[in-house]
Amino acid sequence: MRAHRESSRRRARIAAAVAFAWAASASAQTVPADLALDVVTDQVVAPIGVRAPHDGSGRLFVMSQAGTIRIVKDGVLLPTPFLSVPVTYPGLGGTSGLLGLAFHPNYGHDGMPHNDEFYVVSMRPPGCTPAGTCLGSGPDEVLERYTVSAANPDVADPTGTVVMRLADNSPPSYHNGGDIHFGPDGYLYMSSGDGGQESGTHWLAECLWKKPNDTTSASCGTSAATPQYFLRGKLLRIDVDTRGGIAGAEMCGTATGVAAEYAIPPDNPYVGSSQTCDETWLYGFRNPWRWSFDRATGDVWIGDVGQNQYEEVDFRAAGSSEPPFYGWHCMEGTAVFNTSQACAAPIAANVLPLLEYTHASGRCAITGGYRYRGPIVPLRGMYIYADSCSSELFFAKPDGLGQWSSTVWRDDANDYGTYSGFGEDEAGNLYVANTATGVVYRFASSQTTVTHTVTPHTGPGGALSPATPQEVDEGGTVAFDVHADAGYAIDAVDGCGGALAGTLYTTAPIVADCVVDAAFAVSASDIVFRDGFDAVPARTPQASVTARAVPSARSH
């Protein structure tokens, strides 16, 4: 089996990389002695995470799995929900309800497109009546677009627009994933679970096309039996800013032939192939319940819930050329799980986890977290995650050779569904939600440094890179590449006391939040003199902008 028997040396390297140290170690010794969990709110039912738009407001948006989004503003939980959506909750397996929230990168920025938009993932309310209102045998998993009300920034318009729908099973209607984030490239990413059947017996995580809910992998794309299931056990990547195009047959999350509410990024891995769902970016997951981007590098960290033996942390470096297949259900963690049908040797090349752990001591369901980039200096670079059954919080860190190990920082009483979600604010502070007790905490320590936000802003004709707000330690500087579109030239760049050298703008030492503003003008060399008037050439579409490449976060 090529993917997991390439060589004993490769296996040894992987085994070292996923070693799990439960006793005190070098990584544990750097945790501040006064590190604590401060209560942010204990008044939200079933919280599963925190989100914060980069709008400078300082507000925290707490997701309730029971179907509401609540705002903590200036340390106070506002009485009126930001949004309420009808959901299936509670549900078997604890993965129904409201599952995901992501604010558009331009949210709250005047003059920018889509600056009032945010996205929500939820499980539709139970029942499929009238007939045909569910794509599968159970409530659909739905991605919707909402907008904030014009009258009150703390209340959203209650009516959303369905962007994408995924068929789900009933029973059992769990393993739904549903976590969403915007990537550094501006695209929206969404996790989906394999549909909830034990042992992956419906082969949905391995299937790149559509298939019925049977027990043979051979029906992937070959059977007309209904209902058909698709996009399960995946990490999806879509362009939600490009709308209105007629959906093709391989846009699986929307009906063929209608105006779609999203487009497929042209560099998605299955664009151009036949009988593949083009929304797919990565596949082969059981339940990627919570995952995140590293805000410093763009790397992806995925907590994939295992079955009987292993919980795993999967890793995808920004720009990686590794296979898009992450193993389930041919593999569970680094162990072979199934060798039949599509899992018969040789299975497709797959990526093994960066970290894994067994179900000892009551562990049973990983909650993926974040690589810490906030103000608590000793925690920077650690990956912080949890197990929602054993109520343990883990800190993982690489050694000098880039090999990762984990330690238990906090071990509360075992109870299913406890630490079920994390979140960051604008400054990089980390939050964790205890769903069972209804408490949201913030990681707190005195060993912090003051940070400030440097926000890039551009007018028409060009862009700054990085294009997202940057958190900078007090006294530090940040540099932006200034890109002019074809037909345009840099007119002026100012803000944060900086200076422009060529196309690189570097701020002065930062002592407060500030904005870097770039203006562009039509290039004099491109002005056409016609009939006594200057005719401005048509502007070419602005290319997507990403931050400069940085070393992989595996060892930084």
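Heads up: take any position in the sequence shown, counting from 1, add 1, and you land on the numbering used here. Where is the CB? At the ideal position from N, CA and C, for every residue including glycine. Computed from a predicted model, the values in this text were never measured in an experiment.
1. Would you call the region 380–397 and the region 405–420 touching, i.e. three or more CB-CB distances under 8 Å?
2. Roughly how many whole angstroms lie between the Cα atoms of residue 223 and residue 201?
3. Taking the C-alpha atoms as reference points, what is the distance between residue 177 and residue 453?
4. Counting Cβ pairs, one atom from each stretch, are 3 or more of them under 8 Å apart for the region 158–166 and the region 201–221?
5. Using a 10 Å radius around the Cβ and a threshold of 16 neighbouring Cβ atoms, would you call residue 309 buried or exposed?
6. Using CA coordinates, which residue listed in 362, 361, 396, 353 is at the minimum distance from residue 371?
7. Any idea what DSSP makes of residue 431, helix, strand or coil?
8. Of all Cβ atoms in chain B, is any one closer than 7 Å to the Cβ of residue 176?
9. Could you check what DSSP says for residue 445 in three-state terms: helix, strand or coil?
10. Using the Cβ count rule (16 or more neighbours within 10 Å means buried), how would you classify residue 491?
11. For my contact list, residue 180 and residue 292 are in at a C-beta cut-off of 8 Å; report their separation, rounded to the angstrom.
12. Verify whether the separation of the beta carbon atoms of residue 503 and residue 486 is less than 7 Å.
13. Would you check if the distance between the CB atom of residue 138 and the CB atom of residue 171 is smaller than 7 Å?
14. Does the beta-carbon distance from residue 376 to residue 450 come in below 7 Å?
15. How should residue 275 be labelled, buried or exposed, when 16 other C-beta atoms within 10 angstroms of its C-beta is the threshold for buried?
16. Which class does residue 472 belong to by DSSP, given the choice of helix, strand or coil?
17. CB-CB under 6 Å to residue 429, same chain, minus the five flanking residues each way: which ones, in chain order?
18. Assuming the contact rule is C-beta atoms closer than 8 Å, residue 255 and residue 261 should be a hit. Round their C-beta distance to whole Å, please.
19. What three-state label does DSSP hand residue 352 in the structure shown?
20. By the 10 Å Cβ neighbour count, where 16 or more other Cβ atoms means buried, how is residue 354 classified, buried or exposed?
21. What does the alpha-carbon distance come out to for the pair residue 337 and residue 229?
22. Would you mind stating whether residue 61 and residue 51 have Cβ atoms separated by less than 7 Å?
23. Does the separation of the CB atoms of residue 1 and residue 440 fall below 7 Å?
24. Here's the rule I'm using: 16 or more other beta-carbon atoms within 10 Å means buried, otherwise exposed. How should residue 295 be labelled?
25. For residue 196, name the three-state secondary structure that DSSP assigns.
26. Could you name the residues of the same chain whose beta carbon sits closer than 7 Å to that of residue 65, not counting the 5 residues immediately before and after it, in chain order?
27. Could you check if residue 322 is buried or exposed, using at least 16 other CB atoms within 10 Å of its CB as the buried criterion?
28. Buried or exposed, going by whether 16 or more other CB atoms sit within 10 Å of the CB of residue 367?
29. Measuring CA to CA, which of 457, 505, 37, 247 is closest to residue 518?
30. By the 10 Å Cβ neighbour count, where 16 or more other Cβ atoms means buried, how is residue 436 classified, buried or exposed?
31. Quick check: is any heavy atom of the ligand ADP less than 6 Å from the C-beta of residue 185?
32. Could you check what DSSP says for residue 525 in three-state terms: helix, strand or coil?
33. Identify, in the order they occur along the chain, each residue of the same chain with its Cβ nearer than 7 Å to the Cβ of residue 221, setting aside the five sequence neighbours on each side.
34. Do residue 524 and residue 489 have their C-beta atoms closer together than 7 Å?
35. Residue 124 and residue 142: beta carbons closer than 7 Å?
In short, the structure shows the following:
1. Judged by Cβ distances under 8 Å, the region 380–397 makes contact with the region 405–420, as three or more pairs qualify.
2. The residue given as residue 223 occupies position 222 in the sequence shown. The residue given as residue 201 occupies position 200 in the sequence shown. Whole-angstrom Cα-Cα distance: 19 Å.
3. As a first step, residue 177 is located in the sequence shown; it is residue number 176 there, counting from the start. As a first step, residue 453 is located in the sequence shown; it is residue number 452 there, counting from the start. The straight-line gap from Cα to Cα measures roughly 37 Å.
4. Contact between the region 158–166 and the region 201–221 is absent, because fewer than three Cβ pairs lie under 8 Å.
5. Working through the sequence shown from its first residue, we reach residue 309 at position 308. Residue 309 is exposed by the Cβ-count criterion.
6. What you label residue 371 is simply residue 370 of the sequence shown in a count that begins at 1. Nearest of 362, 361, 396, 353 to residue 371, Cα basis: 396.
7. The sequence position of residue 431 within the sequence shown is 430, counting from 1. Residue 431 falls in the strand class under three-state DSSP.
8. Of the protein chains in this structure there is only one, and it is not chain B.
9. Residue numbering aside, residue 445 sits at position 444 when the sequence shown is read from its first letter. Looking at residue 445 - three-state DSSP - the assignment turns out to be strand.
10. Taking the sequence shown and counting its residues from 1, the one referred to as residue 491 is at position 490. By the 10 Å Cβ count, residue 491 comes out buried.
11. As a position in the sequence shown, residue 180 is number 179, starting the count at 1. As a position in the sequence shown, residue 292 is number 291, starting the count at 1. Correct: roughly 6 Å between the Cβ atoms.
12. The residue given as residue 503 occupies position 502 in the sequence shown. The residue given as residue 486 occupies position 485 in the sequence shown. Not in contact: residue 503 and residue 486 (Cβ atoms no closer than 7 Å).
13. Position 137 of the sequence shown, counted from the first residue, corresponds to residue 138. Position 170 of the sequence shown, counted from the first residue, corresponds to residue 171. For residue 138 and residue 171, yes; Cβs fall inside 7 Å.
14. For this step, residue 376 is matched to residue 375 along the sequence shown. For this step, residue 450 is matched to residue 449 along the sequence shown. Yes, Cβ-Cβ distance for residue 376 and residue 450 is below 7 Å.
15. In the sequence shown, counting from the first residue as 1, residue 275 sits at position 274. Burial call: exposed.
16. Here residue 472 corresponds to residue number 471 of the sequence shown, with the count starting at 1. It is a strand residue.
17. In the sequence shown, residue 429 corresponds to position 428, counting from 1. If we look at residue 429 and ignore the five residues flanking it on each side, its Cβ neighbours are 374, 375, 472.
18. Stepping through the sequence shown from its first residue, residue 255 is reached at position 254. Stepping through the sequence shown from its first residue, residue 261 is reached at position 260. The Cβ separation is near 5 Å, so the contact holds.
19. Translated into positions along the sequence shown, residue 352 becomes position 351. In this structure, DSSP gives residue 352 a state outside helix and strand, which the three-state scheme calls coil.
20. The count along the sequence shown starts at 1 and reaches residue 354 at position 353. With 16 or more Cβ atoms within 10 Å of its Cβ, residue 354 is classed as buried.
21. Stepping through the sequence shown from its first residue, residue 337 is reached at position 336. Stepping through the sequence shown from its first residue, residue 229 is reached at position 228. Cα to Cα, the separation comes out at about 28 Å.
22. As a first step, residue 61 is located in the sequence shown; it is residue number 60 there, counting from the start. As a first step, residue 51 is located in the sequence shown; it is residue number 50 there, counting from the start. At the C-beta level, residue 61 and residue 51 come within 7 Å of one another.
23. There is simply no residue 1 to check, as the chain begins at 2 and stops at 557 in what is shown.
24. Within the sequence shown, numbered from 1, the residue matching residue 295 stands at position 294. By the Cβ-count criterion, residue 295 is buried, with 16 or more other Cβ atoms from all chains shown falling within 10 Å of its own Cβ.
25. Taking the sequence shown and counting its residues from 1, the one referred to as residue 196 is at position 195. Note: residue 196 maps to coil in three-state DSSP.
26. By one-based count along the sequence shown, residue 65 stands at place 64. Taken in chain order, the residues that qualify are 45, 46, 47, 48, 71, 99.
27. Start at 1 with the first residue of the sequence shown, and residue 322 comes out as number 321. Result: exposed.
28. For the purposes of this step, residue 367 is taken as the residue at position 366 of the sequence shown. Counting of Cβ neighbours within 10 angstroms places residue 367 among the buried residues, the total reaching 16 or more.
29. Position 517 of the sequence shown holds residue 518. Residue 518 has its Cα closest to that of 457, out of 457, 505, 37, 247.
30. Start at 1 with the first residue of the sequence shown, and residue 436 comes out as number 435. A residue is called buried once 16 or more other Cβ atoms fall within 10 Å of its Cβ, and residue 436 is buried on that count.
31. No copy of the ligand ADP appears in this structure; indeed no ligand is present at all.
32. Against the sequence shown, residue 525 aligns to sequence position 524. Residue 525: helix per DSSP, three-state reduction.
33. For the purposes of this step, residue 221 is taken as residue 220 along the sequence shown, with counting starting at 1. Counting only Cβ-Cβ distances below 7 Å, and skipping sequence neighbours, we find 204, 208, 210, 212.
34. Mapped onto the sequence shown, residue 524 falls at position 523. Mapped onto the sequence shown, residue 489 falls at position 488. Result yes, Cβ atoms of residue 524 and residue 489 sit closer than 7 Å.
35. Counting from 1 along the sequence shown, the entry for residue 124 is found at position 123. Counting from 1 along the sequence shown, the entry for residue 142 is found at position 141. Yes. Within cutoff.
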